[in-house]
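Numbering (UniProt numbering), first residue to last: 1 to 285. These notes concern the structure reproduced below.
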Amino acid sequence: MIKCIAIDMDGTLLNSMQEIPEGNKQAILKAQSQGVEVVVATGRSYQEATYVLHAAGLSCPVICVNGAEVRSKEGDVISANPIPKQLARETAAKLSENDIYFEVYTNHGAYSTDADKAVSTLVDIVMSANPEADRDEITVAAGARVRDGLIHMVEDYEQLFVDDEKMIYKFLAYSFEDPGRLKAASTALAVYDELEVTKSGYENIEITYKKAQKGVALEAFTKAMDIALADTMAIGDNFNDISMLEKAGRAVAMGNASDEIKALCDVVTDTNENSGVGKAILEVL
């Protein structure tokens, strides 16, 4: 019997307009009404994740920034696995050496040094999951990152590294012009055993602390809730979902996921445009 459901956001819970379809919303509410613990597991910051959840009228715990932080339904921090500041500096230096644009995710939200690229990064993630979507429409929707203050602008990331109140959770790095730069950066970062490097789009890499993975965070979350992983279902579509798909007793791939992700899972549901999450939930209730 499924007692916990962990759901990725982009390309999974959200459609191409970065909204939660009604079919997904109603299935989540039904699961919650039956006592099933529903937790969102996303690469987004807590601020960006809850922005979308609240717009749909949903409330649930959030495993955010790929597992670097876990928050309760009320928004309290349950656990955090930040990148040590000196290691963060060295990571930023490696990315800069390879001429790669990157954002820094912290316990106070995400930060960028370029507003235009802050929008295009989210467009890339959405288009990766929804290749048939209208890029212009996605760009307008993604503009909310800047318009609504979901990403903060700084002149220099060193401001974050010297701020004792800010914990560094993740680097989201992009190279639109030359994907080879990402490969070079990944190779350069491979010398740091404390780091985990994965992907959530065609032209990006995500860098977190080794313990900051969705699967690790999900295991800790279910243990705290006294729920067995065997009684947990995870739903995802991309490579940063693999760690939780491998941990869960029931792994569900989205219909829009790659064949590699589908091969790892027990079940393949419908696409994110057709409320695949909702259908997967209703199937086990």
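Every residue gets a Cβ at the ideal spot worked out from N, C-alpha and C, and that includes glycine.
DSSP places Met153 in the strand class (E or B) of the three-state scheme. The alpha carbon of Ala6 has as its nearest neighbour, out of Gly255, Ala234 and Ala118, the alpha carbon of Ala234. Taking the Cα positions, Arg71 is about 28 Å away from Met127. The alpha carbon of Pro21 has as its nearest neighbour, out of Leu53, Ile2 and Arg135, the alpha carbon of Leu53. In the structure shown, Met233 adopts extended strand secondary structure according to DSSP, grouped into three states. Here Glu37 is bridged, per DSSP, to Cys4.
Of Thr271, Ser120 and Val268, the smallest CA-CA separation from Ile138 is found for Ser120. Taking C-beta separations shorter than 8 Å and ignoring five residues to either side along the sequence, the partners of Val154 in its chain run Tyr111, Ser112, Thr113 and Leu160, following chain order. Under the Cβ criterion (8 Å, minimum of three pairs), the segment 217-225 does not count as touching the segment 191-208. Taking 8 Å as the cut-off, the Cβ atoms of Cys4 and Asp231 count as close. Under DSSP, Ala80 shares a beta bridge with Glu69.
Where Gly109 is concerned, the enclosing beta strand (DSSP E) starts and stops at Gly109 to Ser112. With fewer than 16 other Cβ atoms inside 10 Å of its own Cβ, Pro131 counts as exposed. Under a 10 Å Cβ-count criterion, Pro84 is classified as exposed, with fewer than 16 other Cβ atoms of the shown protein chains found around its own Cβ. Secondary-structure assignment with DSSP links Thr198 through a beta bridge to Glu206.
Counting the other CB atoms within 10 Å of its CB gives Arg145 a total of 16 or more, which places it among the buried residues. Here Arg147 is exposed, its C-beta having fewer than 16 other C-beta atoms within 10 Å.
The alpha-carbon of Gly278 is positioned some 18 Å away from that of Gly249. Counting of Cβ neighbours within 10 angstroms places Met254 among the buried residues, the total reaching 16 or more. For Arg250, the secondary structure class from DSSP, reduced to helix, strand or coil, is strand.
For Tyr174 against Val104, the beta-carbon gap comes to about 13 Å, at or over 8 Å, which does not count as contact. Distances from the alpha-carbon of Thr106 to those of Asp241, Ser186, Ser45 and Met225 put Ser45 closest. Val62 is bridged by DSSP to Val40 and Arg71. A buried status is given to Gly276, since no fewer than 16 other beta-carbon atoms sit within 10 Å of its beta-carbon.
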